[in-house]
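Reading through the structure tokens given below for one structure.
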Amino acid sequence: MPKIGKPVLPLAALALAAALLPQPASADSSTALATHKSPFNCGKTFYANNWLPDHNPSGSIDWQDYGGDDINGETVRATAAGTAYFYDAGNTSYGKWIEIRHGDGTRTRYAHLATMARAAGGSMSVGQGTAIGTVGSTGGSNAPHLHYEQRTSTGAMDTSPTVDGVTIALGQKKAVTSTNSCGGGNPYTAEEVCGSGYTVIDSAALTGGRTYLLYNSGNGNNCVATLKTTNVGTASSMSAFLEPQGESRTTNSGSFGYYAGPVVRSAAGQCVKWGGSVGSSSYTSPFEHCG
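Residue numbering for the sequence shown is -27 to -1, 1 to 264, as defined by mature numbering (1 follows the signal peptide of the UniProt record, and there is no 0).
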């Protein structure tokens, strides 16, 4: 079958893109990459192509149409939780692209996007299944597809990546059906809980969830929300709190199925203490994020 949509990624452009990023951690965590889901909506099936030869970098995956399903404009989702960073290489290399840095030091990349959830230069905390963009054909691409990479914590390519339990070795092409965001995941994001204009500036992991601190530069307000990652939809004890320095603490606590919060306070020019809990797991920050 012709390699329709195969991207053109010049070595020099890829080297420049890599040079702009902080160096990854030194410890290798390649085995953790096997837990990644497909980067598409639940139930969507697309071809994962690990071209050999002539794909740059070797081991990257091109996701393309399968069975008449047009991939152009498809929602792209995080294959695992982490912090997403947004870039735009213009008409070269990856085009609009995202790198997610996962908690174990591994990284994934998503390239040739039509749209991204943040402008280039931005970042956001994501869970597995968070929508981060849409499929397009920006940069060095001649047809809509998603260029996808899994990298170990040393920065090396995983040349036989695994998604949704399917390993795609060099030279293989396999149809993969997504189980990403197929229920059990939290349908809400911290930005949705806090509302328009808020951006995540910090977060902390909890057993069974994560608590987030967000800021709205338009009005100087901070917002805290705690979201579940397990037992989603089942009401249980949760909390979120925010305390501007020198002022009283505001807490939202109770038995919730999805999230606690939002807790919103004006804190322009002030340090804040923030945090939350899921069950017996809790986090309390020092006074920080001043200004």
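All C-beta atoms in this analysis are idealised placements derived from N, C-alpha and C, irrespective of residue type, glycine included.
Of the candidates S190, G234, P217, N194, G234 places its Cα closest to the Cα of M211. Comparing alpha-carbon positions, the option among S110, S11, C15 lying closest to N45 turns out to be S110. Per DSSP, reduced to three states, the secondary structure at A148 is strand. Here W247 has L186, V197, L215, S258 as same chain residues with Cβ atoms under 6 Å from its own Cβ, once five neighbours each way along the sequence are excluded. Closest in C-alpha terms to P160, from the list N204, T65, G242, comes N204. The C-alpha of D131 lies about 43 Å from the C-alpha of N225. The Cβ atoms of A93 and Y67 lie no closer than 8 Å to each other. Exposed is the label assigned to A208, since fewer than 16 other Cβ atoms lie within 10 Å of its Cβ.
The three-state secondary structure of E164, taken from DSSP, is helix.
In this chain, the beta strand (DSSP E) harbouring H85 covers 80 to 89. Residue pairing of K69 in beta bridges, as defined by DSSP: D61, L86. Residue state for T8 is assigned as helix, using DSSP reduced to three classes.
Sequence-distant Cβ neighbours of C155 in its own chain, meaning closer than 6 Å and more than five residues away, are C15. In the DSSP assignment, E220 is bridged to no other residue. Per DSSP, the continuous beta strand (DSSP E) segment holding C196 begins and ends at 194 to 201.
At a cut-off of 3 residues, the continuous stretches assigned as beta strand (DSSP E) that sit fully inside the region 103 to 131 are 104 to 108, 119 to 124. Residue state for E47 is assigned as coil, using DSSP reduced to three classes. With 16 or more neighbouring CB atoms inside 10 Å of its own CB, G102 falls in the buried class. Beta-carbon to beta-carbon, S114 and G78 are separated by about 29 Å, too far to satisfy the 8 Å threshold. When the beta-carbon positions are compared, Y171 and Y121 stay at least 8 Å from each other. Sequence-distant partners of K146 (beyond 5 residues in either direction) whose C-beta falls short of 8 Å from its own C-beta, in its chain, are M(-27), Y20, A21, N22, N23. About 10 Å separates the beta carbon of N192 from that of A240, a gap too long to meet the 8 Å contact definition. From the listed residues T199, T152, L25, S151, the smallest Cα separation to T162 is found for T199.
Bridge pairing for Q101: absent [DSSP].
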